[in-house]
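Just so you know, we're using my numbering here: the sequence shown kicks off at 13 and counts up by one. Beta carbons: idealized from backbone N, C-alpha and C, even for Gly. Keep in mind the model is a prediction, meaning the values are calculated, not measured.
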Amino acid sequence: MIELQNASRWYGQVIGLNDVTCTLGPGLTALLGENGAGKSTMIKLITGQLKPTTGSVTVFGESPFANPRILAQIGYCPETDALYETMTGRDFLHLMGRLSDIPKSRLGKRVEEALATVKMTERAGQVIASYSKGMRQRIRIAQALLHDPQILVLDEPMSGLDPVGRREMRDLFVAWAAEGKTVIVSSHILYEVEQMTRNILL
Numbered sequence: 013m014i015e016l017q018n019a020s021r022w023y024g025q026v027i028g029l030n031d032v033t034c035t036l037g038p039g040l041t042a043l044l045g046e047n048g049a050g051k052s053t054m055i056k057l058i059t060g061q062l063k064p065t066t067g068s069v070t071v072f073g074e075s076p077f078a079n080p081r082i083l084a085q086i087g088y089c090p091e092t093d094a095l096y097e098t099m100t101g102r103d104f105l106h107l108m109g110r111l112s113d114i115p116k117s118r119l120g121k122r123v124e125e126a127l128a129t130v131k132m133t134e135r136a137g138q139v140i141a142s143y144s145k146g147m148r149q150r151i152r153i154a155q156a157l158l159h160d161p162q163i164l165v166l167d168e169p170m171s172g173l174d175p176v177g178r179r180e181m182r183d184l185f186v187a188w189a190a191e192g193k194t195v196i197v198s199s200h201i202l203y204e205v206e207q208m209t210r211n212i213l214l
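Below, the structure is given as structure tokens:
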């Protein structure tokens with residue numbers, strides 16, 4: 013589904029990613045590396061936010077950069093959030109669903125399913141400004157899965173979660189992979205990665 017061929021990304025004189033060649037298919041793949049290793053740069057190339065400086069990145073055989081057809085099949089949870097603080101969690105998901113072009117006839121059901129999946133149904137009526145870090149993370153994971161994408165890209169998705177939440181999300185990611193989706197999870201915590209998958213890109 014995802015192929016990088018000698019992909020590099022430079023930020024001026026700084027190397028963000030250097031000559032990476034790999035293929036990522038269905039199942040759960042962990043990107044493991046210390047801070048600054050290039051995990052987020054690779055994720056931004058896969059999700060079409062950046063173009064490679066050299067080499068190529070393809071998703072379903074096409075470049076994802078500025079490609080709505082490909083981006084519609086990707087769910088993305090970034091490392092940092094930019095949530096609408098005055099909206100409720102439920103309203104935020106409705107907005108994201110409309111932007112993802114989910115039909116109105118299905119949107120309400122999809123929102124409630126996503127909330128239930130991340131165990132946020134009871135808190136969905138509260139404004140996001142009142143959410144804890146862990147609750148914000150759950151809502152961001154909910155928006156990533158809202159449109160039922162074939163590829164889920166999750167950048168440090170365990171950040172801010174308590175031990176119970178980390179286990180719940182880990183089990184969720186493993187279940188998605190078992191359904192045949194391509195799940196990419198970045199982390200710098202080895203033991204968490206080992207609990208999720210043996211398929212590791214270091």
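Residue burial is scored here from C-beta neighbours: VAL71 has at least 16 other C-beta atoms within 10 angstroms and is therefore classed as buried. Taking C-beta atoms under 8 Å as the contact rule, VAL130 and ALA154 qualify, at a distance of about 5 Å. CA-to-CA, the gap between ARG182 and ILE14 works out to about 22 Å. In the assembly as shown, CYS34 is an exposed residue. Its beta-carbon has fewer than 16 other beta-carbons within 10 Å. Contact annotation: ASP167 and SER142 have beta-carbon atoms that are not nearer than 8 Å. Rounded to the nearest whole angstrom, the C-alpha separation of GLU134 and ALA187 is 23 Å. Less than 8 Å separates the beta-carbon of ALA42 from that of MET208. Linking GLU91 to ASN30 through their CA atoms gives a straight-line distance of about 21 Å.
Separation of the CB atoms of GLY39 and ALA189 is rounded to 5 Å, and the pair is thereby assigned contact status at 8 Å.
Per DSSP, reduced to three states, the secondary structure at TYR96 is coil, with no helix or strand assignment. The alpha-carbon separation between GLU204 and LEU105 amounts to approximately 28 Å. By the Cβ-count criterion, GLY87 is buried, with 16 or more other Cβ atoms from all chains shown falling within 10 Å of its own Cβ. In the three-state reduction of the DSSP assignment, ALA141 falls in the helix class, which pools H, G and I. Contact between the region 76–84 and the region 55–64 is present: three or more C-beta pairs spanning the two stretches fall below 8 Å. Runs of the alpha helix (DSSP H) spanning 4 or more residues and lying entirely within the region 125–179 occur at 145–157, in chain order. Distances from the alpha-carbon of SER112 to those of LEU16, GLY192 and PRO161 put PRO161 closest.
In the DSSP assignment, LEU36 forms a beta bridge with ILE14. Boundaries of the beta strand (DSSP E) around GLY87: 86–89.
Look at the region 24–75 and you find these whole runs of beta strand (DSSP E), each 3 residues long or longer: 26–36, 39–44 and 66–71. Under the three-state reduction of DSSP, ARG182 is assigned to helix. Remark: C-beta atoms of GLN149 and GLY67 do not approach each other more closely than 8 Å.
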